[in-house]
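Taking it in order: structure first as structure tokens, then the write-up.
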């Protein structure tokens, strides 16, 4: 009798689990667009910007839109200097060379650029942050606007926030557009899906191990 009861109890549990699983799958199917779009929206963080001592722009895009956003903020008087790390990217070419050329073409005088082209042991948002904070300290900056691609803002903020706090700096975050990455319906385009999914992975890794 005891065996029969256990068997019946196990059978009921399996049936309930199957029903719950089916319902969950139906919900996910019906609302998958809403869920996936919401997940992507959590990658974005934005502050209301106000004038700061400097504008820090992160490398990593291939369209130049991060730097263009920083230049736009600079031209509007939101920062006195544009700060960036620009290490080696290919052979003897550095990101700094490309950034300086873009700044020149956009009419920004070289003296307003504070940069380093040193080689990092590991190229990452964290490694880049260490250099940028050091550059800010060298200029006595007490506040800065952090500019990066929209999908990268939340994680970048998590990296920079403790560094800014520990160095007595105020930080604001400004998302730059990225024409290669569409956050709405991101899974429908290969490039968007690849970058957004990778950002999900990096975000989870950072929250678990940092």
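Residue numbers (our numbering): 8 to 217.
Every residue, glycine too, gets a C-beta built ideally from N, C-alpha and C.
Touch check for the stretch 107–125 and the stretch 43–54: three-plus C-beta pairs under 8 Å? no
By the three-class DSSP mapping on this structure, what secondary structure does residue 200 have? Here residue 200 is taken as the residue at index 193 of the chain shown, counted from 1. Here residue 200 sits in helix by DSSP.
For residue 171, collect the residues of the same chain with a Cβ closer than 6 Å to its Cβ; drop the 5 residues on either side in sequence, then sort them by chain order. To locate residue 171, count along the chain shown from 1; it is residue 164. Around residue 171: 178.
Give the secondary structure of residue 25 by DSSP, where H, G and I count as helix, E and B as strand, and everything else as coil. By 1-based counting over the chain shown, the position of residue 25 is 18. DSSP places residue 25 in helix when its eight states are reduced to three.
Quick one, are the C-beta atoms of residue 134 and residue 127 less than 8 Å apart? Counting from one through the chain shown, the residue named residue 134 turns up at place 127. Counting from one through the chain shown, the residue named residue 127 turns up at place 120. In this structure, residue 127 lies closer than 8 Å to residue 134 by Cβ.
What's the C-alpha gap between residue 148 and residue 176? Numbered from 1 along the chain shown, position 141 holds the residue referred to as residue 148. Numbered from 1 along the chain shown, position 169 holds the residue referred to as residue 176. So the alpha carbons of these two residues sit roughly 8 Å apart.
Measure the alpha-carbon distance for residue 180 versus residue 20 and round it to whole angstroms. Locating residue 180 in the chain shown gives position 173, where the first residue counts as 1. Locating residue 20 in the chain shown gives position 13, where the first residue counts as 1. So the alpha carbons of these two residues sit roughly 49 Å apart.
Range covered by the alpha helix (DSSP H) that runs through residue 106: Walking along the chain shown from the start, residue 106 turns up at place 99. Residues 102–112.
Check for me: the alpha helix (DSSP H) holding residue 161 runs from which residue to which? The residue given as residue 161 occupies position 154 in the chain shown. Per DSSP, the continuous alpha helix (DSSP H) segment holding residue 161 begins and ends at 160–173.
Quick check on DSSP: helix, strand or coil for residue 38? Along the chain shown, read from residue 1 onward, the residue named residue 38 stands at position 31. Three-state result, residue 38: coil.
Run through DSSP, which three-state label would residue 207 get? Walking along the chain shown from the start, residue 207 turns up at place 200. In this structure, residue 207 counts as helix in the three-state DSSP scheme.
So, under 8 Å CB-CB, residue 150 and residue 60 are touching, yes? Tell me the CB distance rounded to an integer number of Å. For this step, residue 150 is matched to residue 143 along the chain shown. For this step, residue 60 is matched to residue 53 along the chain shown. Rounded to whole angstroms, the Cβ separation of residue 150 and residue 60 is 5 Å, and the two are in contact under 8 Å.
Spell out the partners DSSP gives residue 181 in its beta bridges. In the chain shown, the residue the question calls residue 181 occupies position 174. According to DSSP, which records beta bridges pairwise, residue 181 is partnered with 154.
I'd like the list of long-range same chain contacts for residue 157, defined as Cβ closer than 6 Å, with 5 residues on each side in sequence excluded. Counting from one through the chain shown, the residue named residue 157 turns up at place 150. For residue 157, where only same-chain residues beyond five positions count, the Cβ hits under 6 Å are 51, 182.
In this structure, what does DSSP give as the bridge partners for residue 88? Position 81 of the chain shown, counted from the start, is the residue given in the question as residue 88. According to DSSP, residue 88 bridges with 61.
Closest Cα partner of residue 91 within the set 46, 140, 85: Indexing the chain shown from 1 puts residue 91 at position 84. Of the candidates 46, 140, 85, the one whose C-alpha sits nearest the C-alpha of residue 91 is 140.
Start and end of the beta strand (DSSP E) containing residue 120? One-based indexing of the chain shown puts residue 120 at position 113. Per DSSP, residue 120 belongs to the beta strand (DSSP E) from 120–123.
Within its chain, find whatever has a CB closer than 6 Å to the CB of residue 122; leave out the 5 residues flanking it on each side and keep chain order. Translated into positions along the chain shown, residue 122 becomes position 115. Excluding residues within five positions, the ones whose Cβ falls inside 6 Å are 91, 93, 103.
Taking the alpha carbon of residue 184 as the reference point, which residue from 167, 160, 207, 200 has its own alpha carbon closest? Walking along the chain shown from the start, residue 184 turns up at place 177. The option with the nearest alpha carbon to residue 184 is 160.
How would you call residue 88, buried or exposed, if buried means at least 16 neighbouring beta carbons within 10 angstroms? One-based indexing of the chain shown puts residue 88 at position 81. When all chains shown are included, residue 88 counts as buried.
Between the CA atoms of residue 33 and residue 27 - distance to the nearest angstrom: The sequence position of residue 27 within the chain shown is 20, counting from 1. The sequence position of residue 33 within the chain shown is 26, counting from 1. Cα-Cα distance, rounded: 10 Å.
Could you spell out where the beta strand (DSSP E) holding residue 95 opens and where it closes? The sequence position of residue 95 within the chain shown is 88, counting from 1. Here the beta strand (DSSP E) through residue 95 covers 95–97.
Is residue 55 buried or exposed, if buried means 16 or more other CB atoms sit within 10 Å of its CB? Along the chain shown, one-based indexing puts residue 55 at 48. Answer is exposed; the Cβ neighbour count stays below 16.
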